[in-house]
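What follows is one structure encoded as structure tokens, with my remarks underneath.
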Amino acid sequence: MNEYILVVLHKTDASFGCYDVQSGKQCAVVKTRPFPHEICLSPDRKKIVIAEMGVRGVESPGAGGHTIAVYDTQTLKYLSTIDTGDFDRPHGLASHKNGQLFVTSEAKKYLLIYDLESENLLHAVYLDQEGAHMVAVAPDGEHAYTANIFSNTITQVKVQAGIVDKQIAVLERPEGMVFSPDGNLIYVANRESRAISIVDRHKGQQVDTIKTGHGPARVVLTPDGQRLVIPLYHSAAVQIADTTRRQVTHTVTVGSHPAGTTLSPDGRLAFISCEDENLVYVLSMSSFEVIGTIKTGPGCDAMVCLYRDEVQKSG
Numbered sequence: 002m003n004e005y006i007l008v009v010l011h012k013t014d015a016s017f018g019c020y021d022v023q024s025g026k027q028c029a030v031v032k033t034r035p036f037p038h039e040i041c042l043s044p045d046r047k048k049i050v051i052a053e054m055g056v057r058g059v060e061s062p063g064a065g066g067h068t069i070a071v072y073d074t075q076t077l078k079y080l081s082t083i084d085t086g087d088f089d090r091p092h093g094l095a096s097h098k099n100g101q102l103f104v105t106s107e108a109k110k111y112l113l114i115y116d117l118e119s120e121n122l123l124h125a126v127y128l129d130q131e132g133a134h135m136v137a138v139a140p141d142g143e144h145a146y147t148a149n150i151f152s153n154t155i156t157q158v159k160v161q162a163g164i165v166d167k168q169i170a171v172l173e174r175p176e177g178m179v180f181s182p183d184g185n186l187i188y189v190a191n192r193e194s195r196a197i198s199i200v201d202r203h204k205g206q207q208v209d210t211i212k213t214g215h216g217p218a219r220v221v222l223t224p225d226g227q228r229l230v231i232p233l234y235h236s237a238a239v240q241i242a243d244t245t246r247r248q249v250t251h252t253v254t255v256g257s258h259p260a261g262t263t264l265s266p267d268g269r270l271a272f273i274s275c276e277d278e279n280l281v282y283v284l285s286m287s288s289f290e291v292i293g294t295i296k297t298g299p300g301c302d303a304m305v306c307l308y309r310d311e312v313q314k315s316g
């Protein structure tokens, strides 16, 4: 476990921390604006991008924030702010190798598409769906998809044109999404439906499901495309599903209300954050056992995992 640095958002502390996975010790902490919710890396992994939603959660009152903060991965120094203006409550984040950044404005029902280098807004796409929470981009960059938690849909957006292509019905409260490596399938975690939707991107519809425990909130996929990692928000557990058999194969107990989930770059480890406990559980993807925990700052949520040499302050 000595190869990795885990970057963790402290949602209720307006900060993020870097943690040595082997020792569990905090290497650095950096302040943000209030309530940072989601995080991604630039395609070249040289920038950390954080959505500063500005409110505690999707049901919280108030306008919320309107900023995306950008930091240098190696030095952790603040670089810039992307002001989303009237498109408040930025939440879902994704970058693509084409150099674009995708951001959901949860309150205003928009998907924002930026050029990450210039930080210019390319498209503001009205989704006409409630609760645009998360976003995922197809590997070929042709389409982006938002998970709309109060409409029980995902919205397919044509990226180049900046227009809605299709609304696709899924199950109750879709949140996390991930693509199969070939880009043909989208796995959608439906937090209130005890199931992962399998959406055929080209057919534009749900074609199957994977039955899960109670509360699948996020979903990530191993680099070989064989296994899904699914935190169960209502069940204090994480499940592993086989994508070929489309069945859950392992259930592992973790802490209360697991949500944020990511993998090490090589797929050897999974990380599951439990913000009620300020604790991240480290799961071996070979033994499917918890092999450690990391104590974090308040409100641990979304994460990205880096190799140690990608962060100067890791040593």
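Take any residue in the sequence shown, note its place counting from 1, add 1, and you have its number in my numbering. Just so you know, even glycine gets a beta-carbon here, dropped at the ideal spot from N, CA and C.
Q. Asp45 by DSSP, collapsed to three states: which one?
A. DSSP places Asp45 in coil when its eight states are reduced to three.
Q | Neighbourhood of Tyr234 by C-beta distance below 7 Å, restricted to the same chain and skipping five residues each side | A | Cβ neighbours of Tyr234 beyond the five flanking positions: Arg192, Gly216, Ala218, His258, Pro259, Ala260.
(Q) With distance defined between alpha-carbon atoms, name the residue in Thr245, Val230, Gly256 nearest to Leu264. (A) Per the C-alpha coordinates, the member of Thr245, Val230, Gly256 positioned closest to Leu264 is Val230.
**Q.** Between the CA atoms of Lys12 and Val59 - distance to the nearest angstrom
**A.** One C-alpha to the other measures close to 13 Å.
**Q.** Selection from Asn279, Gln313, Phe289 that minimises the alpha carbon distance to Pro299
**A.** Of the candidates Asn279, Gln313, Phe289, the residue whose Cα lies closest to the Cα of Pro299 is Asn279.
Q. Considering only residues of the same chain and omitting the five flanking positions on each side of Asn99, which have a CB-CB separation below 7 Å?
A. Contacts found: Gly142.
Q. Can you list, in chain order, the residues of its chain whose CB lies under 6 Å from that of Val71, leaving out five sequence neighbours each side?
A. Excluding positions up to five away in sequence, the list reads Lys48, Val50, Leu80, Ser81.
Q | chain C within 7 Å of Pro266, Cβ atoms only | A | As a matter of chain content, chain C is missing from the structure shown, which is built from one protein chain.
Q.
Quick check on Gln313: does DSSP put it in helix, strand or coil?
A. Helix.
Q. How far does the beta strand (DSSP E) with Ile211 in it reach, from first residue to last?
A. Ile211: member of the beta strand (DSSP E) spanning 206-212, first to last residue.
Q. How would you label Gly63, buried or exposed, when you count the other beta carbons within 10 angstroms and need 16 or more for buried?
A. Burial is judged here by how many other beta carbons sit within 10 angstroms of a residue's own beta carbon; Gly63 has fewer than 16 and is exposed.
Q) At what residues does the beta strand (DSSP E) containing Gly261 begin and finish? A) Boundaries of the beta strand (DSSP E) harbouring Gly261: 259-264, taken from the DSSP string.
Q | Chain-order list of residues whose beta-carbon lies under 7 Å from that of Gly205 (same chain, five-residue window excluded) | A | Gln157, Lys167, Ile169.
Q | Exposed unless 16 or more other CB atoms sit within 10 angstroms - verdict on Asp89 | A | Counting the other CB atoms within 10 Å of its CB gives Asp89 a total of 16 or more, which places it among the buried residues.
Q. Lys32: buried (16+ other C-beta within 10 angstroms of its C-beta) or exposed?
A. Exposed, by the Cβ-count rule.
(Q) Please list the terminal residues of the continuous beta strand (DSSP E) segment that includes Tyr79. (A) Looking at the DSSP string, the run of the beta strand (DSSP E) that includes Tyr79 is 79-84.
Q | Run of the beta strand (DSSP E) containing Leu280, from where it starts to where it stops | A | The continuous beta strand (DSSP E) containing Leu280 extends over residues 280-285.
Q. For Asp73, which beta-bridge partners are listed by DSSP?
A. Under the DSSP definition of a beta bridge, Asp73 partners with Lys48.
Q) For the beta strand (DSSP E) that Arg228 lies in, which residues bound it at each end? A) Its beta strand (DSSP E) spans residues 228-233.
Q. Which residue or residues does DSSP assign as beta-bridge partners of Leu7?
A. In DSSP, Leu7 forms a bridge with Tyr20, Cys306.
**Q.** Cβ neighbour criterion (16 or more within 10 Å) applied to Glu176
**A.** With 16 or more other Cβ atoms within 10 Å, it is buried.
Q: Just confirm the distance between the C-beta atoms of Leu112 and Leu128, as a whole number of angstroms; I'd bet it's less than 8 Å.
A: Rounded, the Cβ-Cβ distance is 6 Å, consistent with contact.
(Q) Less than 7 Å between the beta carbons of Ser198 and Gln207, yes or no? (A) Judged by beta-carbon spacing, Gln207 lies within the 7 Å limit of Ser198, meaning their Cβ atoms are closer than that value.
Q) Can you give, in chain order, each stretch of the beta strand (DSSP E) that sits fully within the stretch 148-215 and has at least 3 residues? A) 154-159, 164-170, 175-180, 186-191, 196-201, 206-212, all fully within the stretch 148-215.
**Q.** Rounded C-alpha distance that separates Ala148 from Val291
**A.** If you draw a straight line from the Cα of Ala148 to the Cα of Val291, it is about 29 Å long.
Q) Should Gln248 go down as buried or exposed, given a rule of 16 or more other Cβ atoms within 10 Å for buried? A) With fewer than 16 Cβ atoms within 10 Å of its Cβ, Gln248 is classed as exposed.
Q) What did DSSP end up calling Phe272 once you bin it into helix, strand or coil? A) In the three-state scheme derived from DSSP, where H, G and I count as helix and E and B as strand, Phe272 is classed as strand.
Q. Among residues of its own chain, excluding the 5 on either side of Ile273, which ones have a beta-carbon nearer than 6 Å to its beta-carbon?
A. If you ignore the 5 residues before and after Ile273, its C-beta comes within less than 6 Å of the C-beta of Pro232, Val239, Val255, Pro259, Thr262, Tyr282, all in its own chain and listed in chain order.
Q: Report the rounded CA-to-CA distance for Pro35 versus Arg246, giving the unit in angstroms.
A: If I take the Cα positions, the gap works out to 42 Å.
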